[in-house]
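S.K.: Each residue of the sequence shown is one higher than the one before, starting from 0 at the first, in this note's numbering. Every residue gets a Cβ at the ideal spot worked out from N, C-alpha and C, and that includes glycine.
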Amino acid sequence: MSVQPSESEACRYYLNLVGKFRQDHCVGFFKSKNAADELQTIFQQRGMEVITDQIPYGGPSDPRYRVFVVGKNIFAARDLLGKVPLVDDE
0 MSVQPSESEA
10 CRYYLNLVGK
20 FRQDHCVGFF
30 KSKNAADELQ
40 TIFQQRGMEV
50 ITDQIPYGGP
60 SDPRYRVFVV
70 GKNIFAARDL
80 LGKVPLVDDE
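1) Just to confirm, is the Cβ distance from Y64 to K32 under 8 Å?
2) Assign S83 to one of three DSSP states: helix, strand, or coil.
3) Classify L14 as buried or exposed, calling it buried when 16 or more other Cβ atoms lie within 10 Å of its own Cβ.
4) Pull up the DSSP beta-bridge partners for I54, would you.
5) Alpha carbon to alpha carbon, how far is E6 from I41?
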């Protein structure tokens, strides 16, 4: 005889499992490295954990610079910036 968990037990298990993973939130997506660096500095000065990276958006010669905040810092980032992610139109 197998025991089937209830929906609420399954949801509780899932939320507990997902909550163990670091959650990164994109708050900046830029063509300009300087813009990404400036945004990173703003968050770091406020003691927020920030992660940045670079991706080959349109190929190796067309990079984009991304800025992420970790976890619940997304709420402070939204309060500070309004709409996220910020983007540049360079």
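M.R.: Per the coordinate set shown:
1) Closer than 8 Å, so yes.
2) Note on residue identity: the sequence assigns Val, not Ser, to residue 83. In the displayed model, V83 falls within coil according to three-state DSSP, outside both helix and strand.
3) Exposed is the label assigned to L14, since fewer than 16 other Cβ atoms lie within 10 Å of its Cβ.
4) In DSSP, I54 forms a bridge with R63.
5) Cα to Cα, the separation comes out at about 42 Å.
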